[in-house]
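The opening residue of the sequence shown carries number 47 in the numbering used here; numbering runs sequentially from there.
Every residue gets a Cβ at the ideal spot worked out from N, C-alpha and C, and that includes glycine.
Values in this document were obtained by computation on a predicted structure and should not be read as measured data.
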Amino acid sequence: MSKIKDMSIQEEEKLHKEFIEEQEARRQTIVHELEHEGLSREQMISHEEELELILDI
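Right, dumping it as structure tokens:
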């Protein structure tokens with residue numbers, strides 16, 4: 047039984063790590079698109095809260 051429980055915890059940790067990596071990739075894509083549209087870092091910082099809401103970080 048504990049082996050199954052350990053596997054579940056490991057699988058959950060793996061899925062959580064993948065989720066975090068996916069969210070970071072999405073954030074990087076949005077930042078890249080904003081840069082491409084000509085927004086400066088300062089403008090992006092002012093939109094940081096919006097990005098966090100969009101990505102549900």
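Is residue i helix, strand or coil by DSSP?
| i | result |
| --- | --- |
| L99 | helix |
| L61 | helix |
| H93 | coil |
| L14 | Outside the modelled stretch of the chain, which goes from 47 to 103, sits residue 14, for which no answer is possible. |
| S86 | coil |
Is residue j closer than 8 Å to residue i when the C-beta atoms are compared?
| i | j | result |
| --- | --- | --- |
| L99 | R73 | no |
Rank the options by C-alpha distance to the C-alpha of residue i and give the top, closest one.
| i | options | result |
| --- | --- | --- |
| E94 | E83, I55, I76 | I76 |
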